[in-house]
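Since the structure comes first, as structure tokens, the remarks are kept for the end.
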Amino acid sequence: MAAPVVRIQSDWDQVLRKNEEEAWLSCRSPGKPTLYGTLTCQGVNSDGVPEIKASEGFVVSEITKKSLLVSCPRENASSKFLAPYTTFCRIHNKSVTCLDISSGGGLGVSTSADGTMKIWQAANGEIRRRLEGHVYDVNCCRFFPSGLVVLSGGMDAQLKIWSAENGSCAATFQGHKAGILDVAIVDRGRNVVSSSRDGTARLWDCGRSACLGLVADCGAPINGIALGEADNTLNLDSPENRPSE
409 MAAPVVRIQS
419 DWDQVLRKNE
429 EEAWLSCRSP
439 GKPTLYGTLT
449 CQGVNSDGVP
459 EIKASEGFVV
469 SEITKKSLLV
479 SCPRENASSK
489 FLAPYTTFCR
499 IHNKSVTCLD
509 ISSGGGLGVS
519 TSADGTMKIW
529 QAANGEIRRR
539 LEGHVYDVNC
549 CRFFPSGLVV
559 LSGGMDAQLK
569 IWSAENGSCA
579 ATFQGHKAGI
589 LDVAIVDRGR
599 NVVSSSRDGT
609 ARLWDCGRSA
619 CLGLVADCGA
629 PINGIALGEA
639 DNTLNLDSPE
649 NRPSE
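Okay, so the sequence shown: first residue is 409 according to my numbering, each after it adds one.
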């Protein structure tokens, strides 16, 4: 079951520094009516930290100049919001749907509801490359560990590998029956994993552009992927009767 999500007005950090100004809030839990509320600035103290009050149904705490924690007790949900130290307004024309930063921190890649995928300088937002080749919207993008290659997945059910240096598409993977919702890179990037609206997660060999097999078949869309390292331990559980000393 999906967890409840707390959301806040995108420019809250600017609005809540002005006395009596309000920023909207919402808490959405699947299958339940969305709860809406507001945060109101009641002034700024001598340290430059705003004094903020939450409307009924929400609690605000841990307020600093650049962050705050909003909780919704009804749904037992909370989110900490961090203010940006810089904003790039000219990379996309509509909302950003996915974003990743290269391992060295120098480049960013992002996809948008405007149908574009772009590589840009993380320092100043200058656009370096436009990656064009997916038929419909691009849902997800990730840098390989080298920072020189990008992996993307789109509603056209294709994965693509791109050069961050010249924007060319080096490989295309096909096999999913519906749009791809997330991708993940295994270790240094010899293999990648994708999840799709078709209910499957697949493991791919990048060198051969081939699917190695299904990782999961859930019968419903798989929205996200998280990879972790498996250790070599074996859990034998606890004995029913404690052994004698």
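Note that CB positions come from ideal geometry on N, CA and C, so glycine has one too.
For Y444, which residues from the same chain have a beta carbon less than 6 Å from its beta carbon, with the 5 sequence-adjacent residues on both sides left out? Working through the sequence shown from its first residue, we reach residue 444 at position 36. The beta carbon of Y444 lies closer than 6 Å to those of S434 in the same chain, with the five residues before and after it left out.
Locate the beta strand (DSSP E) running through V543, then write down its first and last residues. Within the sequence shown, residue 543 is the residue found at index 135, counting from 1. First-last for V543: undefined, no H or E at that position.
For R605, which option in I588, K488 and P438 has the closest C-alpha, if you only look at C-alpha atoms? Working through the sequence shown from its first residue, we reach residue 605 at position 197. Check the Cα spacing between R605 and each of I588, K488 and P438: the tightest is with I588.
Taking Cβ to Cβ, would you say I460 is nearer than 7 Å to L490? By one-based count along the sequence shown, residue 460 stands at place 52. By one-based count along the sequence shown, residue 490 stands at place 82. The answer is no: Cβ separation not under 7 Å.
Ordered along the chain, which non-local residues of its own chain (more than five positions away) have a Cβ less than 7 Å from that of I499? On the sequence shown, position 91 is the one that residue 499 refers to. Counting only Cβ-Cβ distances below 7 Å, and skipping sequence neighbours, we find S518, K526, W528, G533 and I535.
Within its chain, find whatever has a CB closer than 6 Å to the CB of K474; leave out the 5 residues flanking it on each side and keep chain order. Your numbering for residue 474 matches position 66 in the sequence shown. Cβ within range, chain order: A491.
Bounding residues of the alpha helix (DSSP H) (the contiguous stretch that carries V457): Taking the first residue of the sequence shown as position 1, residue 457 is located at position 49. No alpha helix (DSSP H) contains V457, which DSSP labels as neither H nor E.
Measure how close the beta-carbons of A609 and V600 come, nearest whole angstrom, since I'm counting them as under 8 Å. Residue mapping note: residue 609 aligns to position 201 of the sequence shown, counting from 1. Residue mapping note: residue 600 aligns to position 192 of the sequence shown, counting from 1. In fact, because the Cβ distance is near 11 Å, the residues do not count as touching under 8 Å.
Between N547 and G523, how many whole angstroms is the CB-CB distance? I'm expecting something under 8 Å. Start at 1 with the first residue of the sequence shown, and residue 547 comes out as number 139. Start at 1 with the first residue of the sequence shown, and residue 523 comes out as number 115. The C-beta distance from N547 to G523 rounds to 11 Å, too long to meet the 8 Å contact threshold.
Whose CA, out of L611, C626 and Q450, lies closest to the CA of Q582? Numbered from its first residue, the sequence shown carries residue 582 at position 174. Ranking L611, C626 and Q450 by CA distance to the CA of Q582 puts L611 first.
Return the residue from the list G597, A618, G621 and N631 that minimises the CA-CA distance to G607. Stepping through the sequence shown from its first residue, residue 607 is reached at position 199. Closest by alpha carbon: N631.
Applying the criterion that 16 or more other CB atoms from any shown protein chain within 10 Å of the CB defines a buried residue, is Q566 buried or exposed? Against the sequence shown, residue 566 aligns to sequence position 158. Q566 should be labelled buried.
Do the CB positions of F551 and D508 come within less than 7 Å of each other? Along the sequence shown, read from residue 1 onward, the residue named residue 551 stands at position 143. Along the sequence shown, read from residue 1 onward, the residue named residue 508 stands at position 100. The answer is yes: Cβ separation under 7 Å.
Quick one, are the C-beta atoms of P553 and G597 less than 7 Å apart? On the sequence shown, position 145 is the one that residue 553 refers to. On the sequence shown, position 189 is the one that residue 597 refers to. Between P553 and G597, the C-beta spacing is below 7 Å.
Counting only the same chain and skipping the five closest in sequence on each side, list residues whose C-beta sits under 7 Å from that of Y544. On the sequence shown, position 136 is the one that residue 544 refers to. Correct list, in chain order: G562, M563 and D564.
Close-in-space but distant-in-sequence residues of the same chain around Q417 (CB under 8 Å, 5 per side omitted): One-based indexing of the sequence shown puts residue 417 at position 9. Short of 8 Å from the beta carbon of Q417, and not among the five residues preceding or following it, lie these beta carbons of its own chain, in chain order: V423, A431, W432 and L433.
Short of 7 Å in beta carbon distance, which residues of its chain neighbour A638, apart from the five on each side in sequence? Order them along the chain. Locating residue 638 in the sequence shown gives position 230, where the first residue counts as 1. Taking C-beta separations shorter than 7 Å and ignoring five residues to either side along the sequence, A638 has no partners in its chain.
Which residues mark the beginning and the end of the alpha helix (DSSP H) in which Q422 is found? Within the sequence shown, residue 422 is the residue found at index 14, counting from 1. W420 to V423 is the extent of the alpha helix (DSSP H) around Q422.
Proximity winner among C614, V594 and V452, relative to W570 (alpha-carbon distances): Numbered from its first residue, the sequence shown carries residue 570 at position 162. Its Cα nearest to that of W570, the residue C614 stands out among C614, V594 and V452.
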